[in-house]
Amino acid sequence: MKKAAQIILGYDHHDEGRALDLHEKLKARGFRPWQNSHEIVGSQQWTVTMRKVVPESDFVFICLSKSTVNQYGILGKELPIIMDILFTKPLENTKAVYLCLDDIEIPKSLPHLDRIDCFREDGLQRLMTFLCENVELRGMIKPIRLRTSPRTLDESQLTAMLRENNFYDGLKNGGGRGIDHQYELLDFAGEKVVLDHTTGLCWQQDGSPNAMTYANIDRYLLELNIEGYAGCQGWRLPTLEEAMSLVQPRQATSVGLFLDGRFDKNQLWIWTTDESSATNFWIVYFYYGHCRVQSSFATCFVRAVRPIDDYILSKASTVRQKVKTQPAAFAAY
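Here the sequence shown is numbered in our numbering, starting from 3 and rising by one per residue.
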């Protein structure tokens, strides 16, 4: 499986507000920047942590501003430590870049690095373009973010959505290639989930055991969240865009569906939040690999979804670690 890019935003405490704003914007676009903890800045613990995470990172963005740079170099406590880690011993796999938060001149005493002017109107777009191009060159996961809010879609809007996202639909977009998913099947305390690291979504591996009318969906989701399915809350119904991202151009032989074999095969078709009219909703039909309109009074299955957030990532890391430390099973003869 491809890996996600490890990113550090290095900044001085004077620029914490703007740096955290960048941090949230990167997260919203599917990247997972490491968050500096300023509760321990300047302490031995912080320095030890940075000496570990900087060499392990793929990209280190050094935030510079009028508060942190003068004609002689970088001011403050934090950034000089990061610069020392970066350049005392060259790091082959770590790319460092200056992020200029203000219109400043970078002192000639500093190492020559690529520069992205985040203070410009198109600064965020420049940063995203740089990241997307470089993660692709390095063979890493290029994040994709899909619509999460419900919409009313007619046939022409549906076709446009399928083509825009290059989704496969056996009836409406047979040339669609689908998404290069980075799936991971995990068992969270006996309940299985499928993480899609490309779209940042965490799916139920199975879904509702029985088909239901649209009116009964809220009750099913409420029970999931009250019980804390897989130890999590925040489960919801997917949009058509999210659900169609699961459809693949070829049937998986293990399940006989246009769906990856990591998912359960019993949910042949699933509800989405997107309407076609007041009483009709779009469903995704994995058996034939397409979507269509269904009356809300008919019955379909539910496969709930939630975002991959820090809580999910922490649980996933714990599960992976347990798997690594489990003794190998030996067959008895």
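All C-beta atoms in this analysis are idealised placements derived from N, C-alpha and C, irrespective of residue type, glycine included.
Just so we're clear, the structure is a prediction, and the values are computed from it rather than from any experiment.
Helix or strand or just coil, what does DSSP make of residue i?
i                : result
phenylalanine 33 : coil
valine 325       : helix
alanine 318      : helix
tryptophan 237   : coil
leucine 24       : helix
proline 309      : strand
alanine 330      : Any reading at alanine 330 must be qualified, since the residue scores a pLDDT of 47, below 50, and its modelled position is unreliable; the value itself is stated next. Of the three classes helix, strand and coil, the one that applies to alanine 330 here is coil, per DSSP.
valine 55        : helix
glycine 12       : strand
glutamate 123    : coil
valine 196       : strand
aspartate 17     : helix
valine 50        : helix
leucine 115      : coil
Using C-beta distances below 8 Å, list every residue in its chain close to residue i, excluding the 5 sequence neighbours before and after it, in chain order.
i              : result
aspartate 208  : Lys194, Phe265, Asp266, Asn268, Gln269 and Arg305
glycine 172    : Phe260, Tyr290, Gly291 and His292
valine 50      : none
arginine 140   : Ala7 and Asp60
isoleucine 219 : Leu239, Trp273 and Val304
arginine 147   : Ala30, Arg31, Gly32, Thr201 and Gly202
Who are the Cβ neighbours of residue i in its own chain at under 6 Å, not counting the five residues just before and after it?
i             : result
aspartate 116 : Val99
glycine 125   : Asp119
leucine 187   : Val196 and Arg264
alanine 183   : The amino acid at residue 183 is misidentified as alanine; the sequence shows histidine. Taken in chain order, the residues that qualify are Asp198 and Thr200.
serine 319    : none
serine 67     : Asp17, Leu103 and Asp104
proline 211   : none
tyrosine 170  : Gly178, Gly180, Val249 and Pro251
Just how far apart, CA to CA, sit residue i and residue j?
i                 : j                 : result
glycine 32        : glutamine 296     : 32 Å
aspartate 17      : asparagine 95     : 27 Å
aspartate 312     : phenylalanine 190 : 15 Å
cysteine 204      : tryptophan 36     : 20 Å
phenylalanine 185 : alanine 217       : The amino acid occupying residue 185 in the given sequence is tyrosine; phenylalanine does not appear at that position. Going by the C-alpha atoms only, they are around 31 Å apart.
histidine 25      : phenylalanine 299 : 44 Å
alanine 254       : valine 196        : 16 Å
threonine 281     : isoleucine 64     : 53 Å
phenylalanine 132 : aspartate 198     : 23 Å
arginine 294      : threonine 161     : 11 Å
arginine 149      : threonine 241     : 7 Å
arginine 1        : lysine 110        : Residue 1 lies beyond the residue range present for the chain, which begins at 3 and ends at 335; the question has no answer from this structure.
lysine 174        : leucine 164       : 8 Å
asparagine 227    : leucine 248       : 23 Å
tryptophan 48     : glutamate 123     : 33 Å
arginine 53       : serine 158        : 54 Å
isoleucine 83     : lysine 97         : 16 Å
Are residue i and residue j touching if we call contact CB-CB under 7 Å?
i              : j              : result
valine 55      : isoleucine 87  : no
proline 152    : threonine 275  : yes
valine 2       : isoleucine 10  : This structure gives no information on residue 2, because the portion of the chain shown stretches from 3 to 335.
isoleucine 179 : asparagine 167 : Note that residue 179 is arginine in the sequence shown, not isoleucine. No.
glutamine 127  : serine 59      : no
tryptophan 237 : arginine 322   : no
tyrosine 13    : alanine 6      : no
glutamate 243  : threonine 154  : no
lysine 27      : methionine 142 : no
isoleucine 310 : glycine 202    : yes
With a threshold of 7 Å on Cβ separation, who are the neighbours of residue i within its own chain once the five nearest residues in sequence on each side are excluded?
i                 : result
cysteine 134      : Lys144
isoleucine 272    : Gly209, Ala245, Ile285, Val286, Cys302, Phe303, Val304 and Arg305
phenylalanine 121 : Cys102, Leu103, Asp104 and Asp105
glycine 44        : With a pLDDT of 47 at glycine 44, under the threshold of 50, the modelled position of this residue cannot be trusted; read the value that follows with caution. Taken in chain order, the residues that qualify are Lys79.
proline 113       : Phe89
alanine 213       : Thr301, Cys302 and Phe303
lysine 317        : Phe190 and Gly233
Does at least one heavy atom of the ligand FAD sit under 6 Å from the Cβ of residue i?
i              : result
asparagine 218 : Among the components modelled here there is no ligand, and therefore nothing to report on the ligand FAD.
Does any residue of chain C bring its CB to less than 7 Å from the CB of residue i?
i            : result
threonine 90 : Absent from the structure: chain C. Only one protein chain is present.
Runs of alpha helix (DSSP H) lying entirely within the segment 206-274, each at least 4 residues, in chain order: 219-229 and 242-246
Taking only runs of the beta strand (DSSP E) that begin and end inside the segment 63-113, which ones reach a length of at least 3 residues, in chain order? 97-102
Output the residue ranges of the alpha helix (DSSP H) runs that lie fully inside the segment 131-178 and measure 4 residues or longer, sorted by chain position. 157-167
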